[in-house]
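Down below is the structure, laid out as structure tokens.
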Amino acid sequence: MLGVDLTAFVYQAIAVGAHAIGTAGGVQDTFNLERLVSDVGARTAESTSKAADTTTEVVNRATEAMQKASSEAKNAIAEAGKDARQSFADNVDSARKSLLDEVHRLVGGDNPELAARRRSASPLSKERATRPESMR
């Protein structure tokens, strides 16, 4: 084998080696890409889960706040209604008392104003005024 030309063989061996190295590198790149895709998928799932949990928590807090505000508004409206009814009842009682006092002043009591006016305006009142007390 001493004088044999191995140049073509060496070229072929280098080509096969380069191809093998390129293929092995491609496999490594494929493995790295698969791992990256897997990592991204896991992180995406984790982020989605956290976002869903956070959204649920925010919705629950908002619901509680709305329920509390609704309850407080309902109580305030009920209290305002109660106060308005009490004020109306007080006003009616006051007006009734004033009316009764005025009616009593005009037509009742020891010296009713309306009866006194009627007596003074009547032609008989002058005659009565001149009569003795026992005849009135």
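Residue numbers for the sequence shown follow our numbering, so the first one is 140 and each next one is one higher. Don't be surprised by glycine CBs; every beta carbon is placed ideally from N, CA and C.
Rounded to the nearest whole angstrom, the C-alpha separation of K213 and A201 is 18 Å. Look at G247 here: in three-state DSSP terms it is coil, with no helix or strand label.
Under the three-state reduction of DSSP output, D178 falls in the helix class.
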